[in-house]
Amino acid sequence: MSPGRVVGGLFLAVLVAGPFLPLGVTREYTIHVAVQVLIWSFIGGAWSLMGRFGLVSLGHGAFLGLGAYTSTLLWNFYGLTPWLGAVVAVALTGVFALIVAYPCSRFQVIGHYFGLVTLAVGEVIRLLIIAERNWTGGSLGVSVRSAVGDSAWAIQFADKRVFYYGALVLWLGGLWVWHRLDRSMARSAMEAIGEDETAAASVGIHVSRFKMAITVLSAALTALGGVAYAQYIAYVNPDTLSGIGVSLRIVFAVVLGGMYSLLGPTVGTALTIALGEALRIGFGLKFIGMAETIYGLLLVIFIIFLPSGIYGSIRDAIRRRAAGAPGPPARQASTSRA
Amino acid sequence: MIDPIFIAEAAVNGILLGGILALLALGLNLIFGVIDIVWIAYVDLVMLCMYAMYFLVQVYGWPVWAAGLVSLVLGAVLGVGVHLLIITPILGSPPVNQLLATGGLLFFIQSFATFLWTTDHKSVRLSLPSYEVAGIFLPAGRIIPFAISIVAMVALYLFLTRTYMGTAIRAVSQDRDAMRLMGANPQRVYIVTSAVGGLMAGLAGALLIFQYSVHPFFGGQFGPLTFMICVLGGLGNMVGAFIASFIMSEIISVSGVLWSTEMGYVIAFVVFIVMIFARPGGIMAKRQ
């Protein structure tokens, strides 16, 4: 076994045993933060499936909100179990993503333009949620109707550890999808498309089919993450689950960690959440806004000085040292524009 | 059935809103077209200038024109500052990182404003007369900024077409590599562009404070719309952005009355998405 695998195995063992470690009074809080890190890492990983191939979406909030609201409203109004609600949410979001992705690939909308189209899509979903306030609760959001006691049918549990293990499985599933894609032929095809669509098409790659497939996959996983988050927090709000704010937060976390590596999104998400929590605890209610100010400042500094992400940079440095010679230059996102 | 007078009033309000949007889009579009970077935080710079106006006029009792001059200078300084501190180091980075660096700036400005001035809405009220023309109310407080913004746009147009620096700016926006080969210094052009773009933000801030109350999340209200207008008009195309502002403002204003405010924005965004597919080069571009 390679040293990397040993470290990975130990890390996983700690994660599995985590909720039973003696953490004293901070246990509930630690588990709460861990669940959030796992769910948002999963969503960040779903985003990076597209982002690493130059499809920089600034509207993943649309998929997140669509997923979370679909399962929540189906449960609140029709009593449909979130297990089935998640299936409906993922299917609906997949279809929606297809409707967005088809014209984007048909008309070769890439680069800045792709970012702005997805940004508009994210805003459209957020505004529709607010406009349909009779049953979505508008900008006040809506709570997931509570079941009586613990219920596997409603996916509601008083014990956070249940959610922790659910989120852990979800996160591992996300990593598995990422790994499978990374090892597949589709990855080479998508990289070629990200570099130059015309050249890719000329060697026989079906450009629009690949782009649509990766978009639908990414959107579907994001919707699943949205359902998971809604079930855990038991409250959905258009501003925390849709629109520009959340879409940018997802992208930030991933770019901070590095979107070209398996664990990059996780490292980035864990760091941003940890930073946010540390600043929130450090400043408390004394200086409202100070925590986010430092957060924003650090983001700018990180993006200027560590452009390939923290995890990506560290990994590249270790590999270079291990190889004993300068390694291949870090992969850069394609700079093609429409 | 909705009384036609309401629709007419909405259409007039749409024109007035269009003037504001055009002013916001103008500076951003200049930067967008020349430096080819989306300043996500552009409207947040406008917000800072609005705060400056609020404090100078409402709190310290300065005359409006003096405060307006300060706002213009502040805008220009902020523009150059953003360019030198944030944009210059990442000029060669992938577009994602450029987008995100200014996005980080957006978080920073929003939160710092919350920290300094809380989330209270602050506004400056001037008592100006209101005119009634054919049953439609036209407040002077909206007409004067509209007129000033039209003058500013003409001035910017003349600067870009009639002066040496303006010609250099347009040259860079057409082909930055050729410009470098000609021995010109793009950095100087970038700094002037950022300063002019910032000046426009300062002007927008000075005019907007009389119509909208300012709060730390003001940027979210107009930011997305402003980018979309720039793209709809064609990047760097001043006339296109001008027309696009009025198309968007009319859609928002009229469908806001016919349906609801949110649906007005939804329709405007959907029009934007469809237009990107139909006319990727903007409304003024010829179809390829």
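These protein sequences, in sequence, are chains U and X. The first sequence runs contiguously to residue 503 in our numbering. The second sequence runs contiguously to residue 706 in our numbering. No residue lacks a Cβ here, since even glycine has one placed at the ideal position from N, Cα and C.
Item: Cβ pair U/Ile-381, U/Ile-358 closer than 8 Å; Value: Here the sequence assigns Val to residue 381 of chain U, which means Ile is not the residue at that position. For U/Val-381 and U/Ile-358, no; Cβs fall outside 8 Å.
Item: Residues of the segment 644 to 657 of chain X with Cβ closer than 7 Å to any Cβ of chain U, in chain order; Value: Phe-645, Met-646, Val-649
Item: 8 Å Cβ cutoff met for X/Val-649 and U/Leu-281; Value: yes
Item: Minimum Cβ-Cβ distance from U/Met-355 to chain X less than 8 Å; Value: no
Item: Neighbouring residues, chain X, relative to U/Gly-280 (Cβ below 7 Å); Value: Leu-517
Item: Interface positions of the segment 509 to 542 of chain X facing chain U (Cβ-Cβ less than 7 Å), listed along the chain; Value: Ser-511, Pro-512, Pro-513, Val-514, Asn-515, Leu-517, Leu-518, Ala-519, Gly-521, Gly-522, Leu-523, Phe-525, Phe-526, Ser-529, Phe-530, Thr-532, Phe-533
Item: Neighbourhood of U/Glu-442 by C-beta, 8 Å cutoff - its chain only, sequence neighbours within 5 removed; Value: Val-198
Item: Buried or exposed by the 16-neighbour rule on C-beta atoms within 10 Å, applied to X/Asn-447; Value: buried
Item: Residue-level contact to chain U via CB, X/Ser-678, 8 Å cutoff; Value: yes
Item: Chain-order list of residues whose beta-carbon lies under 6 Å from that of X/Ala-443 (same chain, five-residue window excluded); Value: Thr-644, Ile-647, Cys-648, Ala-659, Ser-663
Item: Burial state of U/Thr-500, where buried means 16 or more other Cβ atoms lie within 10 Å; Value: Because the pLDDT at U/Thr-500 is just 39, under 50, the model does not fix this residue reliably, and the value given afterwards should be weighed accordingly. When all chains shown are included, U/Thr-500 counts as exposed.
Item: Any C-beta of chain U under 8 Å from that of X/Phe-763; Value: Here chain X has residues from 419 to 706 only, and residue 763 of chain X is not among them.
Item: Beta carbon of X/Ala-519 nearer than 8 Å to that of U/Ile-415; Value: no
Item: Within chain X, partners of U/Met-377 - CB distance below 9 Å; Value: Simply none; closest approach about 15 Å.
Item: Where X/Gly-638 meets chain U, residues with beta-carbon distance less than 9 Å; Value: Gly-408, Ile-409, Gly-410
Item: Sequence-distant residues of its chain with Cβ nearer than 6 Å to X/Leu-496 (five each side left out); Value: Leu-463, Gly-616
Item: Complete runs of the alpha helix (DSSP H) confined to the segment 528 to 592 of chain X [at least 4 residues]; Value: 558 to 580, 582 to 592
Item: Residue-level contact to chain U via CB, X/Ile-691, 8 Å cutoff; Value: yes
Item: Nearest candidate by alpha-carbon position, reference X/His-539, set X/Ile-425, X/Tyr-472, X/Val-569; Value: X/Tyr-472
Item: Local conformation of U/Gln-201 per DSSP, three classes; Value: helix
Item: C-beta neighbour in chain X for U/Ala-296, strict 8 Å; Value: yes
Item: Identity of the residues DSSP links to U/Ser-316 by a beta bridge; Value: U/Gln-321
Item: Near-chain U residues of the segment 462 to 473 of chain X - C-beta to any C-beta below 8 Å; Value: none
Item: Where X/Val-692 falls, given that 16 or more other Cβ within 10 Å makes a residue buried; Value: exposed
Item: Straight-line Cα distance separating X/Ala-573 from X/Ile-562; Value: 17 Å
Item: Extent of the continuous alpha helix (DSSP H) to which U/Glu-288 belongs; Value: 277 to 296
Item: X/Tyr-478 - DSSP class collapsed to helix/strand/coil; Value: coil
Item: Minimum C-alpha distance to U/Leu-154 - residue among U/Ser-478, U/Arg-485, U/Ile-483, U/Gly-433; Value: Since the first residue of chain U shown is 166 and the last is 503, residue 154 of chain U is not available in this structure.
Item: Cβ of X/Phe-687 within 8 Å of any chain U Cβ; Value: yes
Item: C-alpha gap between X/Gly-510 and U/Tyr-194, whole angstroms; Value: 42 Å
Item: heavy atom of the ligand MG below 7 Å from U/Glu-356 C-beta; Value: This structure does not include the ligand MG; it has no bound ligands of any sort.
Item: Interface flag, U/Met-455 vs chain X, CB-CB below 8 Å; Value: yes
Item: Proximal chain U residues relative to X/Val-456, where beta-carbon distance stays under 7 Å; Value: His-277
Item: Which listed residue (U/Gln-273, U/Gly-391, U/Ala-182, U/Leu-293) has its alpha carbon closest to that of U/Ala-366; Value: U/Gln-273
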